[in-house]
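To start, the structure itself, in structure tokens.
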Amino acid sequence: MDKLIITAALVGAEVTKAQQPNLPIAPEEIALAAEEACQAGASIIHLHVRDAQGRATQDKAIFRQVIKGIKERCDAIIQVSTGGAAGMSREERLQPVTLKPEMATLSTGSVNFGDEVFLNPWGEICSFAKTMQKYGVKPEIEVFEAGMIENAKRLLKEGFVAAPLHFDLVLGVPGAMPAGPKALLYLVDCLPQGSTFTVAGIGRQQLPMAVMAIIMGGHVRVGFEDNIFYSRGVLARSNAQLVSRVANLARELGREVASPEEARKVLGLKRD
Ligand code: KMH
Ligand code: ZN
């Protein structure tokens, strides 16, 4: 098995400071949280940013500032979100890709997302993929429902993305694919041969899904974007605390944790 790549999804678009007082929001807070997560074993930072009021934004200037801060502090692979928040326009969502980060997310279908709809029609998916090709950014294909894997295969067939693909299997978003062992096994079974995958369990499913991913040879995403608790009713102290638990579990289970440089090799990333 490859060494375990841990992605830290530090902030997301939906969680608030009222729900999780340790949520990093300001650019310096996000950069510091990235450094701590990296020290705890994360090799990818999945990045959303917020404006001065704490609202989700895809503002290029804020992404630039946060990416600079992270790069000054650690060597993690930066993976910008192109999902942003439900309801954002294609142009708004694509802004951080033009900064040429090493990776960006690519959601390959539409899905109910809590009370909202996260809309990704086919034409827009192609245009996101084309923009990533243009800027030399490796997509992480975000899968919230099984049909999204079929769209990824179509992208591959039509030349919008190149193999080997890397997926993030997100399980447990309210209104989307529920989390559980059978769901995860099914999704992994659907992946094109040679793909790598990360598993992101939402809420209380974060930990059990992470353990399954470790055992199955997949990779793991944790962080406040997906789950704000350490255990039932107990808020996590930091993103790093969640990363650290997964790193320790992986070692206990006999799986080593990848450094950013080792993660780049597994994912076929070339530094610019
Ligand atoms: N906030 C969600 C609507 C991504 O980062 O690309 C979409 C999302 C996916 O978070
Ligand atoms: Zn995200």
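Count the sequence shown with my numbering and you get residues 2 to 273, in order. The beta-carbon is built from N, C-alpha and C at its ideal position, and this holds for glycine as well.
Throw me the rounded Cβ distance for the residue i and residue j pair, which I believe falls under 8 Å.
i	j	result
GLN59	GLY85	5 Å
GLU125	ARG91	5 Å
ILE215	ARG256	5 Å
PRO25	LEU11	6 Å
PHE64	ALA87	Wrong, their Cβ atoms sit about 19 Å apart, outside the cutoff.
VAL50	ILE31	7 Å
THR83	PHE129	6 Å
LYS139	LEU268	7 Å
LYS61	GLN96	4 Å
ILE46	ILE6	About 12 Å separates the two Cβ atoms, so there is no contact after all.
LYS101	GLY70	Between GLY70 and LYS101 the Cβ distance is about 17 Å, and since that is not below 8 Å, they are no contact.
PRO209	ASP76	At roughly 30 Å, the Cβ-Cβ gap does not stay under 8 Å, so PRO209 and ASP76 are not in contact.
Following the continuous beta strand (DSSP E) through residue i, name the residue where it begins and the one where it ends.
i	result
GLU263	Counting along the chain, GLU263 falls outside any beta strand (DSSP E), though it belongs to the alpha helix (DSSP H) covering 261-268.
GLU117	117-119
PHE168	167-172
LEU48	43-48
ILE7	7-10
Check for me: the alpha helix (DSSP H) holding residue i runs from which residue to which?
i	result
ASN249	240-253
PHE64	61-74
ILE274	Any property of residue 274 remains undetermined from this structure, which presents the chain solely from 2 to 273.
So what's residue i in DSSP terms, helix, strand or just coil?
i	result
ASP190	helix
GLU146	coil
GLU257	coil
ALA19	coil
LEU236	strand
ALA184	helix
PRO28	helix
GLU37	helix
GLU159	coil
ALA57	strand
LYS154	helix
ARG272	coil
LYS139	strand
Would a check of beta-carbon distances place residue i closer than 8 Å to chain D?
i	result
TRP123	Of the chains in the structure shown, none is chain D; there is only one protein chain.
Meets three-Cβ-pair contact criterion under 8 Å: the region 120-138 and the region 174-190: no
Any chance the region 106-113 sits against the region 226-239, with 3 or more Cβ pairs inside 8 Å? As far as the Cβ criterion goes, the region 106-113 does not touch the region 226-239, which means the pair count is below three.
Do the region 241-251 and the region 35-54 meet, that is, are 3 or more Cβ pairs less than 8 Å apart? yes
Ignoring anything shorter than 4 residues or poking outside the region 69-115, list the alpha helix (DSSP H) runs there in chain order. 91-95
Report the residue ranges of all beta strand (DSSP E) runs contained in full by the region 198-230; include only those spanning at least 3 residues, in chain order. 220-223
Contact between the region 215-222 and the region 194-203: three or more CB pairs below 8 Å? yes
Contact the region 140-148 vs the region 161-176: 3+ CB pairs below 8 Å: yes
Please list, following the chain, all residues that have a C-beta closer than 7 Å to any non-hydrogen atom of the ligand ATP. What this structure holds is the ligand KMH and the ligand ZN, not the ligand ATP.
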